[in-house]
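Participant: 1490 is the number of the first residue of the sequence shown in the numbering used here; add one for each residue after it. Shown below is the structure under consideration.
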Amino acid sequence: MPYLTYNEYTELGFEEMEQSEFEKLLKRASGVLDSITRYFYRHNDLESDVEFRKEQFKKALAAQISYFYDMGGTSSHELNEPETVTIGRTTVSSGGRSNSNVEDNKNKLVSEDVYMYLSGTGLLYRGIGVV
């Protein structure tokens, strides 16, 4: 069962798109959020979870879908392709999306909004459990 429906996505106020495009992006965005949250909702039921955490997770997922839609890509390669590379006196432009400076060459696969929505939910926790 998907984490988010098209109706929920539009009710949250995110950018409208064709439902078929939403379905395609939902699968990729769900995979990204599963990875970030250490697959929490693969082992726990989203719909029966605490309302605050459930709402924030759905907002984060909607933000990631919107990010993929706006950026026009769903992979690290697509989103991090350099726009311009200069070596000596030679410059190559390719119409990509990111700055090619070494300092700025970070992973842009995940929208910063995802971390904003998930902070304070416990879904980003990376500590060691004690039994």
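Beta carbons: idealized from backbone N, C-alpha and C, even for Gly.
For residue 1537, is the classification buried or exposed, using 16 other Cβ atoms within 10 angstroms of its Cβ as the cut-off for buried?
Facilitator: Along the sequence shown, read from residue 1 onward, the residue named residue 1537 stands at position 48. When all chains shown are included, residue 1537 counts as exposed.
Participant: Determine the direct distance from the alpha carbon of residue 1619 to that of residue 1517, and round the result to whole angstroms.
Facilitator: Within the sequence shown, the letter at position 28 stands for residue 1517. Within the sequence shown, the letter at position 130 stands for residue 1619. If I take the Cα positions, the gap works out to 33 Å.
Participant: Label residue 1604 either buried or exposed according to how many other C-beta atoms from any shown protein chain fall within 10 Å of its C-beta, with 16 as the threshold for buried.
Facilitator: By one-based count along the sequence shown, residue 1604 stands at place 115. By the 10 Å Cβ count, residue 1604 comes out exposed.
Participant: Taking C-alpha atoms, which residue in 1575, 1545, 1508 lies nearest to residue 1611?
Facilitator: As a working note, residue 1611 is residue 122 in the sequence shown. Nearest option by C-alpha distance: 1545.
Participant: From this set, 1600, 1617, 1616, 1614, which residue's C-alpha is nearest residue 1548's C-alpha?
Facilitator: Along the sequence shown, read from residue 1 onward, the residue named residue 1548 stands at position 59. That would be 1600, whose Cα lies nearest to the Cα of residue 1548.
Participant: Can you tell me whether residue 1521 is buried or exposed? The criterion is at least 16 other CB atoms within 10 Å of its CB, across all chains shown.
Facilitator: Walking along the sequence shown from the start, residue 1521 turns up at place 32. So residue 1521 ends up on the buried side.
Participant: According to DSSP, simplified to helix, strand and coil, what is residue 1615?
Facilitator: Here residue 1615 refers to the residue found at position 126 of the sequence shown. The answer is coil: DSSP assigns residue 1615 none of H, G, I, E or B.
Participant: Could you compute how far the alpha carbon of residue 1576 sits from the alpha carbon of residue 1499?
Facilitator: Here the question's residue 1576 lines up with position 87 in the sequence shown. Here the question's residue 1499 lines up with position 10 in the sequence shown. Rounded to the nearest angstrom, the two C-alpha atoms are 45 Å apart.
Participant: Can you grab the Cα-Cα spacing for the pair residue 1493 / residue 1556, in whole Å?
Facilitator: To locate residue 1493, count along the sequence shown from 1; it is residue 4. To locate residue 1556, count along the sequence shown from 1; it is residue 67. Looking at the two C-alpha atoms, the distance is approximately 15 Å.
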